[in-house]
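Undergrad: Have a look at the structure that comes next, please.
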Amino acid sequence: MKADPPPKRSLSNLAMVFSRVAKYPGHLAAAALFLFIAAAATLGVPYAFMLIIDRGFAGDGDIDRWFQYLMLLVIIMAIATSLRFYFVSWLGERVVADIRLAVLRNLLRLSPGYFEENRPAEITSRITVDTTVIQQVVGTSLSVALRNVVIAIGGTIMMFVLAPSLAVLILLGIPVIIIPMTVIGRRVRAVSVDSQDRIADVSTITSEVLGAMKIVLAFGQQGREAARFSDATETVFKVAKRRIFLRALLTAFLIAAMFAAITGIIWSGAHQAAEGAISGGTITAFVLVGGLVAGAFGALSEVYGELLRGAGASQRLAQLMVEQPDITAPNKPIPLPTPGEGRLVFEDVTFSYPTRLTDTALADFNLEVRPNELLAVVGPSGAGKTTLFQLAQRFYDPQAGRVLLDGVDVKKADPEDLRRHMAMVPQEVMIFAASARDNLRYGRWDASEEEIWEAARAAHAEDFLRALPGGLDTFLG
């Protein structure tokens with residue numbers, strides 16, 4: 007694709023995704039409800055352990071009741087988590103399907119000039135790779151982020167309720183953990199974005215080579231293409247090594263910091279318990295809640311990187327969805343005569359392709375094709391033979407001059423109406439991955455059965471199609 011500035015790392019770019027998620031309020035509300043229930047049940051587990059230790063072991067001895075309370079919390083947490091997973095996964099798959107359809111529908115509106123300036127293989131890669139990132143964001147990252155926000159806030163409140171002095175110690179130690187984690191996390195995110203771009207390059211090369219396999223074989227370039235692909239995959243591996251190293255460094259730091267904090271809390275809490283200031287159950291609950299809060303903050307840092315990746319993917323997909331076609335119908339199109347005469351006129355046409363404006367394909371070109379006239383256009387490669395048909399179908403507009411069909415300037419006609427008045431038999435026939443019936447009626451979808459067989463006879467395909475067990479319903483491609 008043509009070079010674009012790198013996407014800004016702003017979560018505001020996820021607005022397009024949020025707007026599509028909001029189209030399913032029922033599933034969104036259910037996902038949010040079960041998310042909060044699961045988070046609340048998770049925070050209830052440390053409290054249950056405190057009751058088991060303080061009242062079950064050392065209290066009235068009715069330990070069964072507190073274990074039943076713990077089991078109830080675990081069951082609630084399991085059910086709520088599974089339902090949350092179902093609804094957020096449903097939203098992720100549904101939103102990605104909607105985005106893919108919206109992108110393709112808009113791409114189908116664009117003129118061929120757009121695909122000349124932007125590589126179709128890379129567009130395909132973006133639709134595949136970026137929508138996968140969006141699916142991950144909607145189906146996992148967003149719910150994980152919200153769950154950890156709830157746990158972080160609720161857990162912090164619980165720590166102050168359980169042991170205010172220990173909670174203050176944790177707050178003082180947070181900057182020591184957060185600052186290095188943020189610095190390393192930013193490096194990880196930057197390398198992750200680079201890795202995603204390099205993966206897109208590999209997909210592009212694969213699509214190009216497989217799509218042009220006959221050319222590759224004809225010129226004996228298998229070795230060169232294998233070497234080019236090898237270079238691209240090695241680049242992906244080198245970027246991945248940097249990402250893995252930074253992730254390993256971040257993991258080591260988080261583990262060391264977390265266990266150092268837990269050790270410090272237990273040490274301070276043990277002194278307070280010895281003095282009778284707090285109970286053993288309170289220390290246990292505090293350590294468990296502290297672990298949940300620390301894990302929540304650590305997960306938020308990682309999820310933030312995933313959300314930024316999703317924001318970049320969302321921005322790129324949004325750009326594909328808002329691209330406007332260069333060739334559009336006028337506000338008041340002039341209808342073409344029906345039935346048409348078939349008179350095609352080129353008047354003083356000068357044209358250059360958008361990507362080669364300095365190379366003139368046609369200069370002051372004039373031609374009139376009269377009704378019922380059989381005309382062959384011959385010339386060397388690059389002489390402009392294909393260009394004539396593309397201008398007649400208004401895939402491009404000339405820089406000067408006019409193209410008229412039955413006396414109507416094609417610029418003043420509706421492009422769809424114009425193309426309905428023309429038939430085309432390409433030199434390289436495209437077979438779609440569909441039935442023979444669908445391939446034969448592609449130019450006129452409402453063709454009758456007899457008309458389809460008539461087209462098959464004209465293409466010298468009737469005999470072998472009738473010999474096939476599936477006939478017109480045989481899958482081709």
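When you number the sequence shown by this note's numbering, it's gap-free, plus one each residue, and the end is 483.
Cβ coordinates follow ideal geometry from the N, Cα and C atoms, glycine included.
Could you check if F265 is buried or exposed, using at least 16 other CB atoms within 10 Å of its CB as the buried criterion?
TA: Per the 10 Å Cβ criterion, exposed.
Undergrad: Am I right that V295 and M164 are in contact with their C-beta atoms under 8 angstroms? What's the rounded C-beta distance?
TA: Indeed, because the Cβ distance is near 5 angstroms, the residues count as touching under 8 angstroms.
Undergrad: In whole angstroms, what separates the C-alpha of P11 from that of G161?
TA: Since pLDDT at P11 reaches only 47, below the 50 mark, its modelled position is unreliable, and no value is offered.
Undergrad: Kindly give me the distance between the Cβ atoms of I458 and L446, rounded to whole angstroms, as I take these residues to be in contact under 8 angstroms.
TA: About 5 angstroms; that satisfies the 8 angstroms criterion.
Undergrad: What runs of the alpha helix (DSSP H), each 4 residues or longer, lie entirely inside the segment 189–224?
TA: 219–224, all fully within the segment 189–224.
Undergrad: Quick check: the Cα distance between L397 and G119, rounded to an integer number of angstroms?
TA: For L397 and G119, the distance between alpha carbons rounds to 12 angstroms.
Undergrad: M428 by DSSP, collapsed to three states: which one?
TA: Note: M428 maps to coil in three-state DSSP.
Undergrad: Taking only the alpha-carbon atoms, compute the straight-line gap between V51 and L39 and give it to the nearest angstrom.
TA: When rounded, the distance between both Cα atoms is 19 angstroms.
Undergrad: In the DSSP assignment, the alpha helix (DSSP H) including L113 goes from what residue to what residue?
TA: L113 -> alpha helix (DSSP H) spans I69 to L113.
Undergrad: Look at the alpha carbon of P343 and the alpha carbon of R125, and state the distance between them as a whole number of angstroms.
TA: If I take the Cα positions, the gap works out to 37 angstroms.
Undergrad: Buried or exposed, going by whether 16 or more other CB atoms sit within 10 Å of the CB of I273?
TA: Sequence check: residue 273 is Trp here, not Ile. So W273 counts as exposed.
Undergrad: What does the alpha-carbon distance come out to for the pair D370 and V414?
TA: In a straight line, the C-alpha of D370 is about 19 angstroms away from that of V414.
Undergrad: Are L323 and V101 touching if we call contact CB-CB under 7 angstroms?
TA: No, they are not a contact pair.
Undergrad: Please name the residue or residues paired with L177 in a DSSP beta bridge.
TA: Its beta-bridge partners do not exist; DSSP assigns none.
Undergrad: Less than 8 angstroms between the CB atoms is what I'm expecting for A267 and A232, so what's the real figure, rounded?
TA: Contact doesn't hold; Cβ gap of about 51 angstroms is too wide.
Undergrad: Which residue spans inside the segment 280–367 form an unbroken alpha helix (DSSP H) run of at least 4?
TA: For the segment 280–367, whole alpha helix (DSSP H) runs of length 4 or above, ordered along the chain, are 286–328.
Undergrad: How close, in whole Å, do the beta carbons of Q399 and F357 come, if the pair is a contact with beta carbons under 8 angstroms?
TA: Actually they do not touch by this definition, with Cβ atoms about 13 angstroms apart.
Undergrad: What do you reckon, are the CB atoms on V208 and A169 nearer than 7 angstroms?
TA: It is not a contact, given that the beta carbons lie outside the stated cut-off.
Undergrad: According to DSSP, simplified to helix, strand and coil, what is R125?
TA: R125: coil per DSSP, three-state reduction.
Undergrad: Please give me, in chain order, every unbroken run of the beta strand (DSSP E) with length at least 3 that falls completely inside the segment 387–471.
TA: Listed in chain order, they are 406–411.
Undergrad: Counting only the same chain and skipping the five closest in sequence on each side, list residues whose C-beta sits under 6 angstroms from that of T87.
TA: Excluding sequence neighbours, T87 sits near A44.
Undergrad: Identify, in the order they occur along the chain, each residue of the same chain with its Cβ nearer than 8 angstroms to the Cβ of P377, setting aside the five sequence neighbours on each side.
TA: Around P377: E347, G348 and R349.
Undergrad: Assuming Y53 is part of the alpha helix (DSSP H), what are its boundary residues?
TA: Where Y53 is concerned, the enclosing alpha helix (DSSP H) stretches over P31 to L57.
Undergrad: Pick helix, strand or coil for A276, following the three-state DSSP scheme.
TA: Correct three-state label for A276: helix.
Undergrad: To the nearest angstrom, report how far apart R315 and Y53 are at their CA atoms.
TA: Taking the straight line from one Cα to the other gives about 37 angstroms.
Undergrad: So, E329 versus L116, is the Cβ gap smaller than 7 angstroms?
TA: Yes, Cβ-Cβ distance for E329 and L116 is below 7 angstroms.
Undergrad: Name the residue from R230, G304 and F243 whose alpha carbon lies nearest to the alpha carbon of G191.
TA: Ranking R230, G304 and F243 by Cα distance to G191 puts G304 first.
Undergrad: Quick one: Cα of F395 to Cα of M327, how far?
TA: If you take the alpha carbons of F395 and M327, they lie about 28 angstroms apart.
Undergrad: Around the C-beta of T334, are 16 or more other C-beta atoms found within 10 angstroms, so that it is buried, or is it exposed?
TA: T334 is exposed by the Cβ-count criterion.
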